[in-house]
Each structure stands twice: as structure tokens, then as C-alpha cells.
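Quick note: the sequence shown uses this note's numbering, first residue 191, plus one each step.
All C-beta atoms, glycine included, are put in the ideal place defined by N, C-alpha and C.
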Amino acid sequence: MRKVFIAANWKMNKTIGEAQSFLSEFVPLVHGVRDVDIVIAPPFTSLHAASSIIKGAANIQLSAQDIFYKDEGAYTGAISPVMLTDAGCTFVIIGHSERRQYFSDTDEVVNKKIKTARRYGLNVIFCIGESLKERETGKTKDVLSSEIDEGLKDIPLEGIVVAYEPIWAIGTGKTATLEQAQDAHRYIREKLASIYGNRAREIRILYGGSVTPDNINSLMNCKDVDGALVGGSSLDVNRFADIVKYRERQKD
Ligand code: PEP
């Protein structure tokens, strides 16, 4: 019922030339993959060039890594929703823990950004997740619950994909166990159901945190894991293509 969704978050990596050569190789590698929605999130500077390369590929969409919540104006350094759609984006990542940590994106800011993105028809990859301290002190569910309450306040479910990214698993090589991942995803779905009712069954919940070609398969076997948001392993074209093609590799 929920189509698999796998997204690459390149973070602050790759020049325009590097993005172009990655995508020129990647598009033919995943050409036959029809059962996965593939999304690539390059840095702002590479969005337009990336868009020209993936234009002909029906299975790949473009995402920005952030957005500002104002429509336009005197906001030096910020990028507006119109700029993103103009550059070819259909998605934007909002609330990534690195934005929350290094750029002070609060839940309130995250909520405003999601509202603005949706107003302009951009789909949103909404990131939530607990720190190690929060997990160790038993606060995981409270954190997820309040990030959902605040981040999605007054926002309809259409166009939203949720990414559960335990902060302690991002870029650390430490993946959540299958039980931890499924437990968090089940909780997120229940929480969404308490807000949106039955429609929460339709929402895709991605796992993010040190996903690799070796662990994608078992993560995807968890009932409530509908895809992945991939950082480090998405920087190498063959590794990311292997992640996207996990089903095919399973048959080998
Ligand atoms: C991310 O930052 O979204 C992420 C999941 O990174 P990594 O795969 O490197 O842990």
C-alpha cells in the first residue's frame, strides 16, 4: 500500500560538477527501478544542474535540504519556496537534526517552514528523532510526540513524509537495532493516527541513521519502515544505487 521511498541527503557535499557526474551515472543505474520513489537532495547550488539531468527520469525527484518560511524579501542568505520550485524541486527536507542543532531551527520554525512549503505545493520530508541522552533517559517517545505535535501543528497530512532519525545514529556508523527502529516507527504511526485517524496508515515513515547497502534489506523488513533517508552512503553512486536496488540484490 505504501510505496517505498528512498532519499539521498548529500548535506554540504559535492560541487556542481560532482553532482552532475554522480547523476549522469546514477540515472541509468536505477533506470529499471519502478517500485521505489527515489529522491535526491543536493546542496542549493547544484539543484538546477541536477534538475536538468534527472528531468527525463520518471522515478527520480529533486529535494532541497532546507527552505525559509517567508515568501520573499530582505532575508540575506535565505532561499524561498518559489526559488526551490523554480530550480526543479518537488520536495524539501525540513527539521533535520543538523538544522535544529547548528542553525537553531526550533519546532516553531520547523512548523512555519512546513506550512510555507506546503502552501507552494512542495512535498516535505519532516525529520524527527531523539538524542542519545534522551534515549538513555527513557524520553524517546516524549520527544517524538512533542516534535510531531509542534512540527505538524495545523498541517494536513497530504504531501508529508516523516523521517525518523535517531540523532545518535546519524553519521556515526551506529544503526538502530531492528527492534528499536520498528518500535519507534510503530509509535510514530500511532501518534499520527491519534491526530489524523486512519489516514496515518498511508503516510510513509523513513528510517535514517547510518543506512548502508548491507543493512537496508533488514531495515526494510520492519513492518512500519517504508523507506530510508540516507546521508553518508548516498555520496557514492554505486553504494546509493545498491541501496535503492535492495530488492533486486536480494534475489541474486
Ligand atoms: C542523515 O543525515 O539524514 C543521515 C541519515 O545521515 P547518515 O546516513 O550519514 O547517518
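For residue i, verify whether its CB is less than 6 Å away from any heavy atom of the ligand PEP.
i, result
"Ile385", "no"
"Gly267", "no"
"Leu419", "yes"
"Gly363", "no"
"Ile357", "no"
"Gly422", "yes"
"Ser199", "Looking at the sequence itself, residue 199 is Asn, so the reference to Ser does not match. Yes."
"Ser408", "no"
"Ile206", "no"
"Gly246", "no"
"Ile360", "yes"
"Gly398", "yes"
Between residue i and residue j, is the Cβ-Cβ spacing less than 7 Å?
i, j, result
"Phe195", "Arg394", "yes"
"Val427", "Val220", "no"
"Glu337", "Ile357", "no"
"Pro233", "Ala240", "no"
"Asn411", "Tyr436", "no"
"Leu334", "Arg389", "no"
"Ala418", "Leu396", "yes"
"Gly341", "Gly422", "no"
"Ser321", "Thr365", "no"
"Ile315", "Ala353", "yes"
"Pro271", "Thr306", "yes"
"Val420", "Ala248", "no"
"Asp414", "Arg376", "yes"
"Lys343", "Asn301", "yes"
Which partner residues does residue i have in the DSSP bridge list?
i, result
"Gly315", "Reading the sequence as shown, one finds Ile at residue 315 and not Gly. Answer by DSSP bridge pairing, in chain order: Ile283 and Val351."
"Ala418", "Ile196 and Tyr397"
"Val229", "Ala197 and Gln251"
Original post:
If we count Cβ pairs, one from each stretch, closer than 8 Å, do we get three or more for the segment 292 to 310 versus the segment 322 to 329?
Top reply: Output reads no: the segment 322 to 329 does not touch the segment 292 to 310.
Original post:
Pairing CB atoms from the segment 252 to 260 with CB atoms from the segment 274 to 290, are three or more of them under 8 Å?
Top reply: Contact annotation: the segment 252 to 260 touches the segment 274 to 290, with at least three C-beta pairs closer than 8 Å.
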